[in-house]
Each structure stands twice: as structure tokens, then as C-alpha cells.
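Protein chains: 2
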Amino acid sequence: MTTRRAMPRQADIAREAGVSQATVSVVLSGNRARVRMAETTRLRVLEAAEKLGYVPDPVATRLASSRNHMLGLYTFKTTFPTDVADSYYPILVGVEEEAAALGQDLILFTGRGGADRRDHDAAAIRRTRVADGCLFFGRHVPDEAIGGLLDSGFPLVYIGRRPELDNRIPFVGADYVRASAKVVEQLIHHGHRNIRYLREPDDAPSSTDRERGFRQATAGLPATVHRLDGGIDLDAWRKEGVTAVVVEETDTSTAYTAVTNALEAGNLTCPRDLSLAVLGRPPGQAEHVTGFAVPRREMGRQAVRLLVRLITRELGQDSPAARQLLPCEPVAGTTVGPVNQGSPA
Amino acid sequence: MTTRRAMPRQADIAREAGVSQATVSVVLSGNRARVRMAETTRLRVLEAAEKLGYVPDPVATRLASSRNHMLGLYTFKTTFPTDVADSYYPILVGVEEEAAALGQDLILFTGRGGADRRDHDAAAIRRTRVADGCLFFGRHVPDEAIGGLLDSGFPLVYIGRRPELDNRIPFVGADYVRASAKVVEQLIHHGHRNIRYLREPDDAPSSTDRERGFRQATAGLPATVHRLDGGIDLDAWRKEGVTAVVVEETDTSTAYTAVTNALEAGNLTCPRDLSLAVLGRPPGQAEHVTGFAVPRREMGRQAVRLLVRLITRELGQDSPAARQLLPCEPVAGTTVGPVNQGSPA
DNA sequence: CTGAAAGCGCTTACAG
DNA sequence: CTGAAAGCGCTTACAG
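Take a look at the structure:
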């Protein structure tokens, strides 16, 4: 039960090796300054360090220099969602994998909810500065706090595309535009012309991107976008000539659920009566639904890699390479087929 | 794109308020030393801090004092297991919940595997000292590294009972002895006398505790312990008069799997032909199996609480209260019934 | 009541 | 080639 002073410091090594503390620092940090030094001195220091079981104090290192090989992860909501199936988890797996591979520790910052939420988040966000840099993840961007971090040159990376703050935020997102367009092109390839897109009434980048992809692919076609705001009437749509439905996919799966309910209610089968594609993966085990898979794990990994490159200044905060969109994996599924020639039910 | 120097320091506040930097420190830290000070001065400092958007630098705080309100979590394997159903996850949920509730950030330390694993772990374990204290979780205890931490008075708590190092390690575990005994008592209550215990050939505390509970409950009965080392012959056991089987449950579920396979092969039904209880929860959705649930989430929460009490010195490292065993929740299930009166198949 | 000083354990110019 | 000094942003005795 001695005190914390039990940990050997550089000064102890210096005494042991008969050199100055500064020399110890130079030797132990690999002599990056390329100071010329007698090999014997170097060895003596190394030996003393080994003998005393020296481990650098990460706190002091961080204060004196500017690296401590710690990466922050700030999440705005609980980091470990209770709902394990949450889309969140694979990202964490990727983040941790890559952080470990690059020799970085991870600091989890949790913005606590409650009454003083705003203040609290601001303080917590500022605290991220203990780390060399920080990953952020969440639907909204607290402009002021993040802007402050950006202004001060603190390395940060958002997970998910972030056009906010004049596109000054580095990010690693998924290329929803292209993935969505490809799904819709598949429908067109099957002969569909009148395609309806069902989206949720939210304007997060991931939503608008999907819609853009849909619009790109259907340019010139009678395809229309329907914003969910209640029930949907598939029969009416079919009477209008709609032969395929494309639904947005989000955390809540509201749009997807609405469609499957309507299909069931109308006793409709895909792709016999209607072709169906989802812009993402549906909840549960519905693996037969055509769509695409978001590379969440890879997003986590790449976000870490990008953050480290920002930290080492290998990449500038403003570099185009600091805005990454990863491709999504198409999922063929079985809910898309040729246009049904029969008349609507 | 300014430098990090953009963050205001206490010195900046001091200049703004026309006081010394030390006075700023006193005011901002709530004047715990109860230094007498003009209220107007205090307010002036607070106002200046507010105006400049001051946030204390946690690194400097930690170096100068000894608290930074960060808790470490060291895991020896990947912190986010890819197998989501892993028993690991609920503990993390509990840890994060309670850490957030107590206003503590979390630092994840991951011992990387690989060739230099031992050295690496040792260095990583030492790095935990950036935090005010650290939670540890894993099947083995690296004696030397943990002993060193303990010697230096660094607050740490293991998740899971830890008799190693002469019981010097504070922990929060589950009371497997009592939970196991209760399960077995249930069997005895149903009239079973000749009960067989199937355990895996591993001597972790969680294994030996379960066996102890079994032995306690079956004292004086012909109950015997069988160490798994290949296939098992249920028919032979039944001919010996065994009417109930109790299996250990671990990460791997080896024992449980062996029994269910044997049951299936022998076309046996529980509890008709044999009563079955598992000392924990079986893998998958087998909710009908009698056993008990380990309070993992609560273990996570309590471990955090204990660690904080250690950090604040409210509790000493050697205090008996720093060795906690949480009760497990019994699961009734349907695989235990009265002794089968018919003859063995 | 408030300021000046020392120190936490490092890194990084700068002298010799 | 190596040492002495300053400084990172705080806290904590200690003087006035």
C-alpha cells in the first residue's frame, strides 16, 4: 500500500544511468531529433529503464507533447445500445478493431441527457481534447461545439456524411446516392417504369442522399416520391400504374414496416404483384428483400484510419480525402422481378 | 485553422478578471480549500471564465491533481465481441450506464494479441494509469502487472470473483456457490437423490464456485461430479440410478452441448426421462431450461460504483466491502420434475 | 483576503 | 555528444 510514487520516472532512470533526465527522454522517444549520442550511453539508459520497469506516464506525455495515442469516441447517446441489433454496434466493432491495430486506446465520451443536456454536451465535447483526436457519431451536429473544435485545429472525424458547417467536417460515410441509384437501376432493368419511392419525413443527410440516388436513376420516368405521413394505399398506387416500390431504411424502419403491413393487408406478394426494394437492409431476418448493405464495420475502421492521418498531419482537415464515402454492398434478394402483366387486383 | 492554443487557459481568465492564475484555479475548483475570498472577486472570475468559454484541460488537471473523472476498462480481448450474443455485452452496458450516471468518462484499453502479447499487455496495463482507476475483465489475472498496480495503490476492480494474489484484488462477482446450491436444492426437493454434475475441465473461479455449490447442496447424497473429457453415456448413468443431471455453463457451453446431444441421441425427454438443470443460462433461446441468470449488467454497474468509492478513498482497497458477490436470479424452467418411476430405457 | 512559487512527468529547443 | 532550462496547464501549500 505504498503511494503512487512507486512508478519509476525518467529522473529515476537518469540517476541509475548517470545521465540527465532530458537525455533519458531523448533515448526513450527513439531519438527522433537525431541527436548524436554514444551508443553506450543509449544502451545504459535502455538497460536502466528495463531494470526499473519504466513505463512513460501517458498524462505527462500528453501534456508536454501533443500525442498520447488515444482516440476519443463521442456518441450523443449511450455508446452501448441496449438493443443489440442496433445498427450502431458494427461501427463500434470496426472502430475498436482498427484502433487496436494502430495501437490507439479509445476514450468513450457520453453526452449525458437530462435537463442541462445542451451545456453538458458542450462540456463533454470539449473534454474530448484529452485525446489526440475524436470520432463523432450521431444524427445531429452541435454546430457551435464542433465548430469550436474545428477552429482550434483539433482532429475530428464524423461517422456518416456531414455537409454541415460549410462542409468543413471530415467524415467517413456510406455512398447512399450511388447505392440507391443502383438498386433503382435494377428495377428499371426489369422493365419497371412507374416506380414509387416511400421515404420518412426526416431530412438527415442519409435520407436526402437516398432520395437523390432515386431521382438520378429515375430521371425522365414517371417515378414519384411519397413522404410517409400516415397509412399508404398500395391498391391505389397500382391503379396509377405503379409496378415497384422502393422504401427508405432508417433506424426506425417506419417506411419498411408501413409497406410490409400494407402488403399483408392487401394480400400482395413480391414480386408477383409488386416489386419491392429497400434502400438498406430491412430489420430482422428478412434477407430475401432486395436492397444493399451499409458497410458499418468498414466505416468504423476507415474513420479511425482517417482520424489518425489527420492527427499525424499526413492529411489536412480541409483535404478532399478527408471526406470519404464508402460503397455499399448490393443485396440481390428475391423481391424484385419483371413487371407484372396482369391487371391490378 | 488556428492552433490548439485557441483554448482559453486559466491564465487568460486571470488576465481578464485581473487576478492571479492561482486565484482562478481556486475559484473554478469550487474553493474546496475554503480560502476566504471577496464574493465580487469570485463572481468576476466566474464571469470571465464564462465569457471566454473556458473548459479545464483534463490532462493538466490529472497531472497536477489526481483526478480526471475517467475510468479505465481493460479487457484482455476485444472489447466489442463480434458475437453479439456474447455474455460480455450486458456488462459493458452496465458499466457505461453507471459511469455516465456518475459523470465519469470511460477509457477502453485493449490488450492486443500477437507474438509479444505478454509485454504488450504489461505495457497496456500500465497505461491504465491515465485514468483515476480501472476495471478489469478476463479469465486470467496477469499477476505481475496487476500486483504492481495494487502495490502502487492504484484503484482497480475486477469483474468476476478473483481469489488470486492472496485475495488482494477488489472485485464484483456473481454468487455462483449459492445460486448453484439453490438449483440443486430444487432437484432434491423434487425427490432426486442421485444427481450427476457435469463440468468442464477448467479451473477458473466461476467453475470451482459452481462445483462448490453443487457439493454443498448434495452433501451426504450419492451425487458425483463428472469432468467432461469426451462423450457422455446417459444410458449408463441412468442405469447407475442417476435421475438428474446438472451442467456447468461457460462461454463455450461445451458441457451443455454435450448433454443436449446425448439427450437427442438417446431420444430422451426432460423431465420425463431425466431432469436437467444448467448452472447459468444455456446458449440460444432455450428459455425452458431450469437454471439461473447471472446479473451481468448489475455487475457492471456495481463494479463502477465500487471503483469510484475506491478512488475517492471512501473505501480502502483491503476493505471486505471491496469484495462483492451479487445474487443470481433463479430461472424456473420446465426441465426439472419429479423422479421418473419407470425403469431406464 | 490574494499573489508568487513549486511541482506533477514529460518534450523540446538551446547552450555548451 | 550531453546537460540545463523552459514550458505544457493545472493544483496546492505557503507567504504576505
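Chains as they are written, first to last, in UniProt numbering: chain A, 1 to 345; chain B, 1 to 345. Where a beta carbon is used, it is the ideal one built from N, C-alpha and C, also for glycine. It should be emphasised that the depicted structure is a prediction, and the values quoted were computed from it without experimental measurement.
Take the Cβ of residue i as the centre, count every other Cβ of all protein chains shown within 10 Å, and call the residue buried at 16 or more, exposed below.
i, result
"P222(B)", "exposed"
"residue 375(B)", "Nothing can be reported for residue 375(B): it is not among the residues displayed for chain B, which extend from 1 to 345."
"A38(A)", "exposed"
"R227(B)", "exposed"
"Q285(B)", "exposed"
"V336(A)", "buried"
"H140(A)", "exposed"
"V27(B)", "buried"
"S206(B)", "buried"
"A219(A)", "exposed"
"R36(B)", "exposed"
"S180(B)", "buried"
"S319(A)", "exposed"
"D233(A)", "exposed"
"P201(B)", "exposed"
"A236(A)", "exposed"
"T3(A)", "Its pLDDT being 39, under 50, T3(A) is placed unreliably by the model, and the measurement read from it follows with that caveat. Exposed is the call here."
"L150(B)", "buried"
"T312(B)", "exposed"
"A265(B)", "exposed"
"S253(B)", "buried"
"D143(A)", "exposed"
"R272(A)", "exposed"
"G113(A)", "Summary for G113(A): the model assigns pLDDT 44, below 50, so the residue's position carries little reliability; its value from the coordinates is reported in the next sentence. Per the 10 Å Cβ criterion, exposed."
"T260(A)", "buried"
Once the 5 residues before and after residue i are set aside, which same chain residues still bring their CB inside 6 Å of it?
i, result
"D105(A)", "M70"
"V177(A)", "D209, R212, G213"
"T334(A)", "H288"
"Y197(A)", "F214, V225, V246"
"L92(B)", "none"
"V130(B)", "none"
"I125(B)", "A145"
"G241(A)", "N194"
"E16(A)", "A48"
"G173(A)", "G160, R161, L325"
Between which two residues does the alpha helix (DSSP H) carrying residue i extend?
i, result
"G147(B)", "143–151"
"Q317(B)", "Premise fails: Q317(B) is in no alpha helix (DSSP H) and is neither H nor E."
"E47(B)", "39–52"
"E240(B)", "It is not in any alpha helix (DSSP H) - E240(B) carries neither H nor E in the DSSP assignment."
"E164(A)", "164–167"
"A217(A)", "205–217"
"V59(B)", "58–64"
"A100(B)", "88–101"
So, at 8 Å on beta carbons, what are the nonlocal neighbours of residue i in its own chain, with the 5 sequence-adjacent residues on each side left out?
i, result
"A99(B)", "L71, D105, L106, V304"
"E298(B)", "G94, L326"
"L255(B)", "In the sequence under discussion, the amino acid at residue 255(B) is Ala, which differs from the Leu named in the question. Counting only Cβ-Cβ distances below 8 Å, and skipping sequence neighbours, we find L198, R199, E200, L228, V247, E248, E249."
Near residue i, what residues of its chain come up, given a Cβ to Cβ distance below 7 Å and the 5 sequence neighbours on each side ignored?
i, result
"R301(B)", "G94, E97, E98"
"D12(B)", "L52"
"G147(B)", "L165"
"Y54(A)", "P8, I13"
"H192(B)", "T243, A244, S275, V339"
"A332(A)", "T290"
"P58(A)", "N68"
"D116(A)", "Unreliable placement is indicated for D116(A), whose pLDDT of 46 sits below 50; the coordinate value is still reported in the next sentence. Nothing listed; no residue qualifies."
Output the boundary residues of the beta strand (DSSP E) element that contains residue i.
i, result
"H226(A)", "224–227"
"M70(B)", "70–74"
"L108(B)", "105–109"
"I159(B)", "156–159"
"I195(A)", "195–199"
"R301(A)", "Not the beta strand (DSSP E): R301(A) falls in the alpha helix (DSSP H), residues 296–311."
"Q324(B)", "323–326"
"A293(B)", "291–293"
Exercise. The UniProt domain "HTH lacI-type" (8–65) of chain B: which residues have C-beta closer than 8 Å to a C-beta of chain A, in chain order?
Worked result: G53, V55, D57, P58, V59, A60, R62, L63
Exercise. According to a CB-to-CB cut-off of less than 7 Å, which residues of the region 98–110 of chain B neighbour chain A?
Worked result: A100, D105, L106, I107, L108, F109, T110
Exercise. Which of the residues in the region 152–177 of chain A, read from start to end, lie with their CB under 9 Å from any CB of chain B?
Worked result: S152, G153, F154
Exercise. Is the region 149–168 of chain A touching the region 308–323 of chain A in the sense that three or more CB pairs, one from each, lie closer than 8 Å?
Worked result: yes
Problem set entry | Touch test, the region 141–161 of chain B against the region 182–191 of chain B, Cβ-Cβ under 8 Å, three pairs minimum | no
Exercise. Can you list, in chain order, the residues of the region 191–202 of chain A whose Cβ is nearer than 7 Å to any Cβ on chain B?
Worked result: none
Exercise. Between the region 308–337 of chain B and chain A, which residues of the former have a C-beta closer than 9 Å to a C-beta of the latter?
Worked result: G316, Q317, D318
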